[in-house]
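Participant: My questions all concern the structure below.
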Amino acid sequence: MNWGGHLVVALTLAIALGLSSAPVGEPVALLWPDWVLLTLAYWCLAAPHRYGLTLAFVTGLLQDVTAATLLGLHALIYVLAMYVLIANHLRLRLMPLWMQSMVILGLAGLSVLLQFWVEGPATDLSANLWALVPAVTTALFWAPIFLCLRYLRLHFAIA
Amino acid sequence: MGFHSAARHSRTGLSALVLGVLALLLMGADSHFAWTRYVRGSILTALYPIQRVAGTPFQLAETLQQEVQRHIRVYQENERLRQRVQRLRLQTQELQALHRENRRLRELLNEAERLDRQVAAAQVIAESPDPFHHTLTVTRGGSHGSYTGQPVINADGIVGQVTATSPLTSQIILITDPNSAIPVLVRDSRVRGILTGTGDRDLLKLRYVPNSSNVSVGDVLVTSGMGQVFPKGLKAGRVDQVVREPHSPFLEVTARPTVPVSKLEDVLLLEQEARGDPNGTGSVARNGAP
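Order-wise, the sequence lines are chains A and B.
Everything in the first sequence is counted per this note's numbering, starting at 27 for the first residue and increasing by one.
Everything in the second sequence is counted per this note's numbering, starting at 672 for the first residue and increasing by one.
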């Protein structure tokens, strides 16, 4: 068992959770990417047999608590997104970064739409195109996150 | 390989299904039951350090930003208030000037009412620079009805008389001009004399007062009405000094004008005839004037 590797993964996820609930100001909050999705996506692509859907589920629950969304909503979103990634991880690994970013864009967009669909009536997130902006920034952040986490993975010899 | 991959695939699919259903059940529970509150609370407690650490730089940045914004706002407000103070100060000065003018004009008006005469207000627009010729130029001329010899007063008493007119302005010789001479009497003792200017803006001389007359310092000199230029009873000066020379037939009396002639801004030109009497003595003065 690579406990050091687990620790690094847990730390990156903790940082992602902290970032996603960080008190950023109004204009930045509209652009704030889904850090947890990005981090989970990397680890699931890099080591799908080790960090899989259970991790996504648990992290999703934590995200639900920090974001004060319906308990299980992010868990569901992340489980579904990670299932898509894990099921296609061999194909995805061969794709260039920008195409991976497109896939992330699609997943993040679905995540936003699902959140809307579930929470829309309760919290009055008026459905306009601005709400999809975080999905775009999430996709844009995929490449730097990918490079950072890959550096960590190689450095700590994870998976 | 294919079998292996398919088996893993189906296992992943199964766990996705199980976890997805679990998530849906949790969502249902969260919206209908209260016990999820405790789950949420305990997770939140566990996450507190993470959130705290992650939030610190953002809070710092926000505090800094707010501080900077507050400074900018205070600076701008300061600038605005400074400009406002300037503007208000200017307004205050204008208002004070207006206030003074208002009081002056009111006094003039009172004087005009008291005299029961036709008067015309005029503004002083020029003053002779020659120190020995005390003349003023005012904003009423021949076209307004001014004429040579017209008496000029203000609320404090006699200013002088018109010596020359142009269509739009008149020149006034002040009572302090050396060429000015006005028949007056001492208000209390009714002693007559001629009040002449000296060339000093604050000094008049009362001439031809008999040595035996009863004149004392502080007595008020009023016009006697004898020159037919000024109406009777207007204040002209106040006795300042009385010198009794034993061998001279006359007293040496100096007086101060009641009107501060060096500070005049508005004056009244007095029509010679009483109200409603166009053929009064004014025409005489007009004809008799040089």
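All residues carry an ideal CB built from backbone N, CA and C; glycine is no exception.
Measure the Cβ-Cβ separation of A:D90 and A:L81 and say whether it is below 7 Å.
Facilitator: No, they are not a contact pair.
Participant: Would you mind reading off the limits of the beta strand (DSSP E) that contains B:V893?
Facilitator: 891 to 894 is the span of the beta strand (DSSP E), which, as asked, contains B:V893.
Participant: If you measure from the beta carbon of B:T683 to each beta carbon in chain A, is any gap under 7 Å?
Facilitator: Yes, contact with chain A.
Participant: In chain order, which continuous runs of the alpha helix (DSSP H) of length 4 or greater are located wholly inside the segment 93 to 154 of chain A?
Facilitator: 99 to 113, 115 to 120, 123 to 149, all fully within the segment 93 to 154 of chain A.
Participant: With a 10 Å radius around its C-beta and 16 neighbouring C-beta atoms as the bar for buried, classify A:Y177 as buried or exposed.
Facilitator: Answer is exposed; the Cβ neighbour count stays below 16.
Participant: Can you tell me whether A:F83 is buried or exposed, with buried defined as 16 or more other CB within 10 angstroms of its CB?
Facilitator: Looking at its Cβ environment, which holds 16 or more other Cβ atoms inside 10 Å, A:F83 is buried.
Participant: Does B:N825 come out as helix, strand or coil in the three-state DSSP assignment?
Facilitator: The answer is strand: DSSP assigns B:N825 an E or B state.
Participant: Taking 7 Å as the threshold (beta carbon to beta carbon), is B:S713 in contact with chain A?
Facilitator: Judged by the 7 Å Cβ criterion, B:S713 is not in contact with chain A.
Participant: Do you know how far the Cα of B:V900 is from the Cα of B:P822?
Facilitator: About 6 Å.
Participant: Do the segment 764 to 784 of chain B and the segment 840 to 857 of chain B meet, that is, are 3 or more Cβ pairs less than 8 Å apart?
Facilitator: In short, these stretches do not touch, since the Cβ pair count stays below three.
Participant: Do the segment 849 to 866 of chain B and the segment 891 to 899 of chain B make contact, defined as three or more Cβ pairs closer than 8 Å?
Facilitator: The segment 849 to 866 of chain B, when compared against the segment 891 to 899 of chain B, does touch it at the 8 Å Cβ threshold.
Participant: Give the list of continuous alpha helix (DSSP H) stretches no shorter than 4 residues that lie fully inside the segment 827 to 895 of chain B.
Facilitator: Taking only runs of at least 4 residues, no alpha helix (DSSP H) segment lies wholly in the segment 827 to 895 of chain B.
Participant: Residues in the segment 718 to 740 of chain B with C-beta within 7 Å of chain A's C-beta atoms, listed in sequence order?
Facilitator: Of all residues in the segment 718 to 740 of chain B, L718, I721, Q722, V724, A725, G726, F729, Q730, E733 have a Cβ within less than 7 Å of some Cβ in chain A.
Participant: Rounded to whole angstroms, what is the Cα-Cα separation between A:L111 and A:G135?
Facilitator: Distance between the alpha carbons of A:L111 and A:G135 is about 15 Å.
Participant: Within 10 angstroms of the Cβ of B:V745, are there 16 or more other Cβ atoms? Answer buried if so, exposed if not.
Facilitator: So B:V745 counts as exposed.
Participant: For the 8 Å Cβ check, are there 3 or more pairs between the segment 904 to 923 of chain B and the segment 788 to 808 of chain B?
Facilitator: The segment 904 to 923 of chain B, when compared against the segment 788 to 808 of chain B, does not touch it at the 8 Å Cβ threshold.
Participant: So which residues of chain B does A:S47 contact, with C-beta pairs closer than 9 Å?
Facilitator: By Cβ distance, chain B contributes L718, I721, Q722, A725, G726.
Participant: What residues match up with B:P928 in a beta bridge as DSSP calls it?
Facilitator: B:P928 is bridged to B:G908.
Participant: Would the segment 679 to 698 of chain B and the segment 41 to 48 of chain A be scored as touching if the rule is three or more Cβ pairs under 8 Å?
Facilitator: Contact between the segment 679 to 698 of chain B and the segment 41 to 48 of chain A is absent, because fewer than three Cβ pairs lie under 8 Å.
Participant: If B:V830 sits next to B:L766, beta carbons under 8 Å apart, how far is it from one beta carbon to the other, in whole angstroms?
Facilitator: Contact doesn't hold; Cβ gap of about 27 Å is too wide.
Participant: What are the residues that DSSP puts in a beta bridge with B:E798?
Facilitator: Paired residues: B:L807.
Participant: Run through chain A and tell me which residues come within less than 8 Å of B:A694, C-beta to C-beta.
Facilitator: Ordered by position in chain A, the residues that pass the 8 Å Cβ test against B:A694 are F83, G86, G98, L99, A101, L102, V105.
Participant: Cα separation between B:F803 and B:T869?
Facilitator: When rounded, the distance between both Cα atoms is 8 Å.
Participant: Which residues in the same chain as A:W29 place their Cβ atom closer than 6 Å to its Cβ, once the five residues preceding and following it in sequence are excluded?
Facilitator: None.
Participant: Could you check whether the segment 119 to 137 of chain A touches the segment 714 to 727 of chain B, counting it as contact only if at least three pairs of C-beta atoms, one from each stretch, sit closer than 8 Å?
Facilitator: No, the segment 119 to 137 of chain A is not in contact with the segment 714 to 727 of chain B.
Participant: Restricting to Cα atoms, I'd like to know which of A:V144, A:A113, A:G51, A:G132 is closest to A:H75.
Facilitator: The option with the nearest alpha carbon to A:H75 is A:A113.
Participant: For A:T92, which residues in chain B fall below 7 Å Cβ to Cβ?
Facilitator: By Cβ distance, chain B contributes L718, Q722.
Participant: Please check the pair A:S137 and A:D60, which I expect to be a contact at CB under 8 Å, by giving their CB distance rounded to whole angstroms.
Facilitator: So it is a contact: roughly 7 Å between Cβ atoms.
Participant: Cα separation between A:F142 and A:V34?
Facilitator: If I take the Cα positions, the gap works out to 32 Å.
Participant: Quick check on B:P720: buried or exposed, where buried means 16 or more other Cβ atoms within 10 Å of its Cβ?
Facilitator: Per the 10 Å Cβ criterion, exposed.
Participant: So what does DSSP say about B:V693, is it helix, strand or coil?
Facilitator: The displayed chain sequence assigns Leu, not Val, to residue 693 of chain B. Three-state result, B:L693: helix.
Participant: Give the secondary structure of B:K704 by DSSP, where H, G and I count as helix, E and B as strand, and everything else as coil.
Facilitator: The question names Lys, yet the displayed sequence has Phe at residue 704 of chain B. Here B:F704 sits in coil by DSSP.
Participant: What separation, rounded to the nearest whole angstrom, lies between the Cα atoms of A:G31 and A:F172?
Facilitator: Straight-line Cα distance between these residues: approximately 17 Å.
Participant: Whose C-alpha, out of B:Q757, B:L875, B:Q730, B:F921, is nearest the C-alpha of B:V884?
Facilitator: The residue asked about is misnamed: residue 884 of chain B is Ser in this sequence, not Val. The shortest C-alpha separation from B:S884 is found at B:F921.
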